[in-house]
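Residue numbers (this note's numbering): 91 to 466.
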């Protein structure tokens, strides 16, 4: 602990709110600013020695940076955004990256995982970004996912990002402000990224919880015109789909984080390894939250469907009740509407008012009976 200042203070700045009126999380829109001297996919390329960034007269290429590291020590950190196979081929050859890991990094759409090769670790993270919205609808997008692939070697660290959010620029600056931590090498950067991603999960989980609370309140609120009990099954189902997307990012990552914290690995500094346990603990709590979200949304959806069914039954009872009331005068009028010459009642002096009074009385009696029994 004395060798490293509090890691949380470095990789965990104050977490802003993701709800309406808040500030969007630090992993915001990707900054497309790139140095013209570097390959188009390279966002940043830097050499770190003794925890400090080495300055160059001109921004170095990955090959130049690696030559510097091999000559003078330290490690190189290269950041890329959505490289093509051709753009990544030279870097892969320079650092001896395994072809299977290279293929995964270029193609993207990978599950979170940890793969160990002879000279490197390949780690895949899914980043989550909460999308602000004024009100949840059946077409609302709640979360947006991206990917960060990390190659961790003895003297290099390579990040490959996919998606429009999840920038690591601010994280790199925070790490550069802590030379003692960066002096621990590439594994310190791997931990910082893991902690950064999981902190993003925590913030998104808080925002999704607010959405679920909003929907839950509407499900059990007094009915609103046009929707059963003030909500809509389509909105609940859309939120459930977004939670499932969240779950796919969180759940597979737990085992890799546990492995990094429990098993000694040649490429992970022992002083850094203990901090992966903290990341795994936070991730486990987020996973429990997401599982709880899924179960709660199932219950809300079932409750909403039950309320819709009850509302339909109430409507059918009202329709049936009014049909029964209307049937009485219809029957009487039908009898006296028959075209016969010899009907005794046709010549009664008070026949018409008596029949009208009987119809009204029967209708009123049926209405009161149905009202008393809760059908109207």
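C-beta atoms are modelled at their ideal positions from N, C-alpha and C, and glycine is treated no differently.
- Message: In the DSSP assignment, the beta strand (DSSP E) including residue 235 goes from what residue to what residue?
- Response: In the chain shown, counting from the first residue as 1, residue 235 sits at position 145. For residue 235, the enclosing beta strand (DSSP E) starts and ends at 233 to 242.
- In the DSSP assignment, find the unbroken beta strand (DSSP E) run with residue 170 in it and report its ends. Along the chain shown, read from residue 1 onward, the residue named residue 170 stands at position 80. Where residue 170 is concerned, the enclosing beta strand (DSSP E) stretches over 165 to 171.
- Query: Rounded to a whole number of angstroms, what is the C-alpha to C-alpha distance between residue 324 and residue 172?
  - Reply: Residue numbering aside, residue 324 sits at position 234 when the chain shown is read from its first letter. Residue numbering aside, residue 172 sits at position 82 when the chain shown is read from its first letter. Roughly 34 Å separates the two Cα atoms.
- Item | residue 95, DSSP secondary structure in three states | In the chain shown, counting from the first residue as 1, residue 95 sits at position 5. Bear in mind that a pLDDT of 43 at residue 95, under 50, signals an unreliable position, so the model cannot answer this.
- Task: Compute the distance between the beta-carbons of residue 270 and residue 382, then report whether it is under 8 Å.
- Result: Counted from its first residue, the chain shown places residue 270 at position 180. Counted from its first residue, the chain shown places residue 382 at position 292. Between residue 270 and residue 382, the CB-CB gap reaches or exceeds 8 Å.
- Where residue 352 and residue 268 are concerned, what is the direct C-alpha to C-alpha distance, given to the nearest angstrom? What you label residue 352 is simply residue 262 of the chain shown in a count that begins at 1. What you label residue 268 is simply residue 178 of the chain shown in a count that begins at 1. Taking the Cα positions, residue 352 is about 26 Å away from residue 268.
- In three-state DSSP terms, what is residue 411? What you label residue 411 is simply residue 321 of the chain shown in a count that begins at 1. Residue state, collapsed to three classes: helix.
- Give every residue of the same chain whose Cβ lies closer than 8 Å to the Cβ of residue 334, excluding the five residues on either side of it in the sequence, and list them in chain order. What you label residue 334 is simply residue 244 of the chain shown in a count that begins at 1. Contacts found: 384.
- Where does residue 207 fall in DSSP's three states? Within the chain shown, residue 207 is the residue found at index 117, counting from 1. If DSSP states are grouped into helix, strand and coil, residue 207 belongs with coil.
- Message: If you measure between the beta carbons of residue 372 and residue 298, is that distance less than 8 Å?
- Response: In the chain shown, the residue the question calls residue 372 occupies position 282. In the chain shown, the residue the question calls residue 298 occupies position 208. Not a contact, by the Cβ cut-off of 8 Å.
- Per DSSP, what kind of secondary structure is residue 146 in: helix, strand or coil? Taking the first residue of the chain shown as position 1, residue 146 is located at position 56. Looking at residue 146 - three-state DSSP - the assignment turns out to be coil, as it is neither helix nor strand.
- Message: Suppose you measure from the CA of residue 456 to the CA of residue 398; what does that come to, to the nearest Å?
- Response: Indexing the chain shown from 1 puts residue 456 at position 366. Indexing the chain shown from 1 puts residue 398 at position 308. Looking at the two C-alpha atoms, the distance is approximately 28 Å.
- Would you mind sorting residue 439 into buried or exposed? The rule is 16 or more other CB atoms within 10 Å of its CB. Position 349 of the chain shown, counted from the first residue, corresponds to residue 439. Exposed is the label assigned to residue 439, since fewer than 16 other Cβ atoms lie within 10 Å of its Cβ.
- Item | Range of the contiguous beta strand (DSSP E) that encloses residue 136 | As a working mapping, residue 136 is identified with position 46 in the chain shown. Here the beta strand (DSSP E) through residue 136 covers 132 to 139.
- Task: Would you mind sorting residue 409 into buried or exposed? The rule is 16 or more other CB atoms within 10 Å of its CB.
- Result: Your numbering for residue 409 matches position 319 in the chain shown. That one is exposed.
- Query: Among 463, 219, 422, which has the Cα closest to the Cα of residue 447?
  - Reply: One-based indexing of the chain shown puts residue 447 at position 357. Considering only alpha carbons, the answer is 422.
- Message: Pairs of beta-carbons, one from the segment 292 to 312 and one from the segment 247 to 267, closer than 8 Å: are there three or more?
- Response: With the rule of 3 Cβ pairs closer than 8 Å, the segment 292 to 312 does not count as touching the segment 247 to 267.
- Near residue 132, what residues of its chain come up, given a Cβ to Cβ distance below 6 Å and the 5 sequence neighbours on each side ignored? As a position in the chain shown, residue 132 is number 42, starting the count at 1. When the five nearest sequence neighbours on each side are left out, the beta carbons in the same chain lying within less than 6 Å of the beta carbon of residue 132 are those of 170, in order along the chain.
- Message: At the level of alpha carbons, what is the spacing between residue 377 and residue 340?
- Response: As a position in the chain shown, residue 377 is number 287, starting the count at 1. As a position in the chain shown, residue 340 is number 250, starting the count at 1. Approximately 6 Å, taken between the alpha carbons.
- Alpha carbon of residue 153 to alpha carbon of residue 159, nearest angstrom: As a position in the chain shown, residue 153 is number 63, starting the count at 1. As a position in the chain shown, residue 159 is number 69, starting the count at 1. Near 10 Å, if we compare the C-alpha coordinates of residue 159 and residue 153.
- Message: Does residue 221 come out as helix, strand or coil in the three-state DSSP assignment?
- Response: Along the chain shown, read from residue 1 onward, the residue named residue 221 stands at position 131. Reduced to three states, the DSSP call for residue 221 is coil.
- Item | Cβ-Cβ distance between residue 238 and residue 215 below 8 Å | Position 148 of the chain shown, counting from 1, holds the residue named residue 238. Position 125 of the chain shown, counting from 1, holds the residue named residue 215. Going by C-beta atoms, residue 238 is nearer than 8 Å to residue 215.
- Item | N- and C-terminal bounds of the alpha helix (DSSP H) containing residue 331 | Here residue 331 refers to the residue found at position 241 when the chain shown is read from its first residue. Boundaries of the alpha helix (DSSP H) harbouring residue 331: 323 to 340, taken from the DSSP string.
- What is the residue span of the beta strand (DSSP E) that residue 251 lies within? As a position in the chain shown, residue 251 is number 161, starting the count at 1. For residue 251, the enclosing beta strand (DSSP E) begins and ends at 246 to 252.
- Distance, Cα to Cα, residue 179 vs residue 358? Taking the first residue of the chain shown as position 1, residue 179 is located at position 89. Taking the first residue of the chain shown as position 1, residue 358 is located at position 268. Between residue 179 and residue 358, the C-alpha separation is close to 26 Å.
- Is the beta carbon of residue 418 less than 8 Å from the beta carbon of residue 453? In the chain shown, the residue the question calls residue 418 occupies position 328. In the chain shown, the residue the question calls residue 453 occupies position 363. Yes, these two residues count as a Cβ contact at 8 Å.
- Message: In whole angstroms, give me the CA-to-CA distance for residue 145 and residue 232.
- Response: In the chain shown, the residue the question calls residue 145 occupies position 55. In the chain shown, the residue the question calls residue 232 occupies position 142. Across the structure, residue 145 and residue 232 are spaced so that their CA atoms are roughly 42 Å apart.
- Message: If you measure between the beta carbons of residue 166 and residue 241, is that distance less than 8 Å?
- Response: The residue you call residue 166 lines up with position 76 of the chain shown. The residue you call residue 241 lines up with position 151 of the chain shown. In this structure, the beta-carbon distance from residue 166 to residue 241 does not fall below 8 Å.
- residue 178 by DSSP, collapsed to three states: which one? Here the question's residue 178 lines up with position 88 in the chain shown. Residue 178 falls in the helix class under three-state DSSP.
- In angstroms with no decimal places, state the Cα-to-Cα distance between residue 206 and residue 186. On the chain shown, position 116 is the one that residue 206 refers to. On the chain shown, position 96 is the one that residue 186 refers to. Within the model, the alpha-carbon separation for residue 206 versus residue 186 is close to 14 Å.
- Message: Once the 5 residues before and after residue 362 are set aside, which same chain residues still bring their CB inside 6 Å of it?
- Response: For the purposes of this step, residue 362 is identified with residue 272 of the chain shown, where counting begins at 1. For residue 362, where only same-chain residues beyond five positions count, the Cβ hits under 6 Å are 274, 277, 278, 281.
- Same chain only: Cβ atoms within 8 Å of residue 391, ignoring 5 sequence neighbours per side: Taking the chain shown and counting its residues from 1, one reaches residue 391 at position 301. Taken in chain order, the residues that qualify are 323, 326, 327, 330.
- Item | Boundaries (first-last residue) of the alpha helix (DSSP H) holding residue 272 | On the chain shown, position 182 is the one that residue 272 refers to. 269 to 272 is the span of the alpha helix (DSSP H), which, as asked, contains residue 272.
- Unbroken alpha helix (DSSP H) runs of length 4 or more, entirely within the segment 338 to 386: which are they? Entirely contained in the segment 338 to 386, the alpha helix (DSSP H) runs reaching 4 residues are, in chain order, 344 to 352.
- Task: Grab the span of the alpha helix (DSSP H) containing residue 458 for me, first residue to last.
- Result: On the chain shown, residue 458 is found 368 positions in, with the first residue counted as 1. For residue 458, the enclosing alpha helix (DSSP H) begins and ends at 441 to 462.
- Message: I'd like to know whether the C-beta atoms of residue 365 and residue 272 end up nearer to each other than 8 Å.
- Response: Translated into positions along the chain shown, residue 365 becomes position 275. Translated into positions along the chain shown, residue 272 becomes position 182. Cβ atoms of residue 365 and residue 272: not closer than 8 Å.
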